[in-house]
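For the sequence shown, our numbering gives the first residue as 6, with consecutive numbering after it.
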Amino acid sequence: EFNIGLCYQSGAGVTQDEKTAMDWFSKAAEQGHVKAQFNVALHYQRSDASAAVAWFKKAAAQGHTKAQAQLGLCASRGVGMEQDLVQAVGYFREAAIHGSDVAQYN
6 EFNIGLCYQS GAGVTQDEKT AMDWFSKAAE QGHVKAQFNV ALHYQRSDAS
56 AAVAWFKKAA AQGHTKAQAQ LGLCASRGVG MEQDLVQAVG YFREAAIHGS
106 DVAQYN
């Protein structure tokens, strides 16, 4: 399902269609696919910050470094969640341990 989403996102072998890609990513995310969860979070970042945070948390719980860094940014800025600098540091620290440049900078 995730790979089908990638095909629709990029137009590889099918007509490019972001909505169809998100449908496939959502199916994979619901089944626990960590990269799909991250993609769904990125999609929601544009329209529903709280939903984005929920999906970032699911991906971060599975060790997705970019999701951990994104949660750090959300917590530090109060986007989609209450601003909490202590929590932000925790997310950044976890992401930095796993090599995130974004987290190491923050």
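Just so it is clear, CB atoms sit at the ideal spot from N, CA and C, and this is done for glycine as well.
Problem - As assigned by DSSP and simplified to three states, the class of VAL84 - result: For the purposes of this step, residue 84 is taken as residue 79 along the sequence shown, with counting starting at 1. The answer is coil: DSSP assigns VAL84 none of H, G, I, E or B.
Practice task
Check whether the Cβ atoms of PHE97 and GLY77 lie closer than 7 Å to each other.
Solution key: Numbered from its first residue, the sequence shown carries residue 97 at position 92. Numbered from its first residue, the sequence shown carries residue 77 at position 72. Against a cut-off of 7 Å, the Cβ pair of GLY77 and PHE97 comes out as a contact.
Practice task
Mind checking which residues open and close the alpha helix (DSSP H) that includes GLN14?
Solution key: On the sequence shown, residue 14 is found 9 positions in, with the first residue counted as 1. Run containing GLN14: 7-15, per the alpha helix (DSSP H) assignment.
Practice task
With distances taken Cα to Cα, identify the nearest neighbour of SER52 among ALA101, VAL84, LEU11.
Solution key: Reading the sequence shown from its first residue, position 47 is the one you call residue 52. Comparing Cα positions, the closest option is VAL84.
Exercise for the section: Give the straight-line distance between the Cα atoms of GLN88 and GLY18, rounded to the nearest whole angstrom. Expected result: Residue numbering aside, residue 88 sits at position 83 when the sequence shown is read from its first letter. Residue numbering aside, residue 18 sits at position 13 when the sequence shown is read from its first letter. When rounded, the distance between both Cα atoms is 43 Å.
Exercise for the section: Keeping to the same chain, check which residues put their C-beta closer than 6 Å to that of VAL107; ignore five residues upstream and five downstream. Expected result: Within the sequence shown, residue 107 is the residue found at index 102, counting from 1. Around VAL107: ALA74.
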